[in-house]
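Numbering (the working numbering), first residue to last: 729 to 978.
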Ligand SMILES: Cc1cc2nc3c(=O)[nH]c(=O)nc-3n(C[C@H](O)[C@H](O)[C@H](O)COP(=O)(O)O)c2cc1C
């Protein structure tokens, strides 16, 4: 596999590299629009492994994401097997011990306000409704949330780090990288979810993966085969219309 191929060829070659012997997955060659529209955050995965060659391919394509001055601020740990289980167990233990969730950055503004509060509520309501969890059932909600720490049953996860001295612009770059992973995954029939929740107990990751404070844990992603029978995966949150966020000028 030549990772220095021109970008467009690299994506096309993915299918040609498919090797049923080692289980490498064939690319579907879907359009960018189809990939964007078909992508959903998946919260239940099948217990079927993703070949390491395919995980590498996702990162090999996503590394072409743009970044300001091309500084490419990404640093990724790929977790499968023992490392994935160990990290999951440590997060669950931290949660059950009521350790404070101390993400290394503020994901949200400290106060919720409209229109974001209503969108957030609709998202939470839709998600828990899809799972059949009542509004007041805090125990079931907590258990559902803890599935984040189990990578929702996915066989693979990425932990996403950024050098701590970088600024907002590099975090912006990171979004393009995350979406590139998710869209490439679509092209292999794989599903993903980006998870801030995987960064909620950062000391666990720093210790387990020997990362100093020169890196900040953004969170992670789960990657795998979607369980299309799982009710939670039927949830499809709305989007605001173009004219709600665009001002047309001439
Ligand atoms: C950076 C980022 C972090 C997220 N963190 C979580 C998370 O920790 N847990 C979760 O269930 N969903 C998480 N999500 C998924 C969002 O809830 C989801 O993208 C949103 O509701 C829209 O749904 P969709 O991705 O299915 O279109 C995250 C999404 C992004 C982009």
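All C-beta atoms in this analysis are idealised placements derived from N, C-alpha and C, irrespective of residue type, glycine included.
Here the structure is a predicted model, which is why all the values come from computation and not from measurement.
_Please give the ranges of any alpha helix (DSSP H) in the segment 829-884, keeping only runs that are unbroken, at least 4 residues long and fully inside the region._
844-858, 866-874
_Run of the alpha helix (DSSP H) containing residue 800, from where it starts to where it stops_ = As a working mapping, residue 800 is identified with position 72 in the chain shown. Careful: residue 800 lies outside any alpha helix (DSSP H) and carries neither H nor E.
_Which residue marks the beginning of the beta strand (DSSP E) containing residue 943, and which one marks its end?_
What you label residue 943 is simply residue 215 of the chain shown in a count that begins at 1. It spans 943-952 - the beta strand (DSSP E) in which residue 943 sits, taken as one unbroken run.
*On the three-pair Cβ rule with 8 angstroms, is the segment 918-925 touching the segment 756-766?*
no
*So does residue 977 have its beta carbon nearer than 8 angstroms to some heavy atom of ligand 1?*
In the chain shown, residue 977 corresponds to position 249, counting from 1. Because no heavy atom of ligand 1 lies under 8 angstroms away, the Cβ of residue 977 does not count as near it: no.
_Does the structure place the segment 834-843 close enough to the segment 780-789 that three or more beta carbon pairs sit under 8 angstroms?_
no
*With a Cβ-Cβ cutoff of 9 angstroms, do residue 968 and residue 886 count as a contact?*
On the chain shown, position 240 is the one that residue 968 refers to. On the chain shown, position 158 is the one that residue 886 refers to. Not closer than 9 angstroms, so no.
*When you compare only the Cα positions, how much space is there between residue 931 and residue 888?*
Counting from 1 along the chain shown, the entry for residue 931 is found at position 203. Counting from 1 along the chain shown, the entry for residue 888 is found at position 160. Rounded to whole angstroms, residue 931 to residue 888 spans 14 angstroms at the Cα level.
_For residue 931, list the residues DSSP reports as bridge partners._
The sequence position of residue 931 within the chain shown is 203, counting from 1. None, per the DSSP bridge assignment.
*Below 7 angstroms CB to CB, which residues in the same chain sit around residue 822 once its five sequence neighbours on both sides are set aside?*
Working through the chain shown from its first residue, we reach residue 822 at position 94. Result list for residue 822: 929, 932, in chain order.
*Excluding the 5 residues preceding and the 5 following residue 805 in the sequence, name in chain order all residues of the same chain whose CB lies nearer than 6 angstroms to its CB.*
The sequence position of residue 805 within the chain shown is 77, counting from 1. So the list reads 887, 937, once near-sequence residues are dropped.
*Hey, quick one: how far does the alpha helix (DSSP H) through residue 914 stretch, first residue to last?*
As a first step, residue 914 is located in the chain shown; it is residue number 186 there, counting from the start. From DSSP, the alpha helix (DSSP H) with residue 914 extends over 896-914.
*asked:* Going by beta-carbon coordinates alone, are residue 884 and residue 807 separated by less than 9 angstroms?
replied: Sequence index remark: in the chain shown, residue 884 carries index 156 (1-based). Sequence index remark: in the chain shown, residue 807 carries index 79 (1-based). In this structure, residue 807 lies closer than 9 angstroms to residue 884 by Cβ.
*Using DSSP with H/G/I as helix, E/B as strand and the rest coil, what is residue 749?*
For the purposes of this step, residue 749 is taken as residue 21 along the chain shown, with counting starting at 1. Low local confidence applies: a pLDDT of 45 at residue 749 is under 50, so the model's placement there is unreliable, and no value is given.
*Using 10 angstroms around the beta-carbon of residue 976, count the other beta-carbons present and answer buried if the total reaches 16, otherwise exposed.*
On the chain shown, position 248 is the one that residue 976 refers to. The residue is exposed, with fewer than 16 neighbouring Cβ atoms inside 10 Å.
*asked:* Taking contact to mean 3 or more Cβ pairs, one atom from each stretch, closer than 8 angstroms, check whether the segment 937-946 and the segment 856-873 are in contact.
replied: no
*Does the distance from the CB of residue 965 to the CB of residue 850 come in under 9 angstroms?*
Stepping through the chain shown from its first residue, residue 965 is reached at position 237. Stepping through the chain shown from its first residue, residue 850 is reached at position 122. Going by C-beta atoms, residue 965 is nearer than 9 angstroms to residue 850.
*Kindly provide the ranges of any alpha helix (DSSP H) runs that are 4 or more residues long and lie completely inside the segment 756-783, ordered along the chain.*
760-766
*Is it true that the CB of residue 909 sits closer than 9 angstroms to the CB of residue 944?*
Residue mapping note: residue 944 aligns to position 216 of the chain shown, counting from 1. Residue mapping note: residue 909 aligns to position 181 of the chain shown, counting from 1. Going by C-beta atoms, residue 944 is not nearer than 9 angstroms to residue 909.
*Pull up the DSSP beta-bridge partners for residue 808, would you.*
Translated into positions along the chain shown, residue 808 becomes position 80. Paired residue(s): 884.
*Taking all protein chains shown into account, do 16 or more other C-beta atoms lie within 10 angstroms of the C-beta of residue 814, making it buried, or fewer, making it exposed?*
On the chain shown, position 86 is the one that residue 814 refers to. Residue 814 should be labelled exposed.
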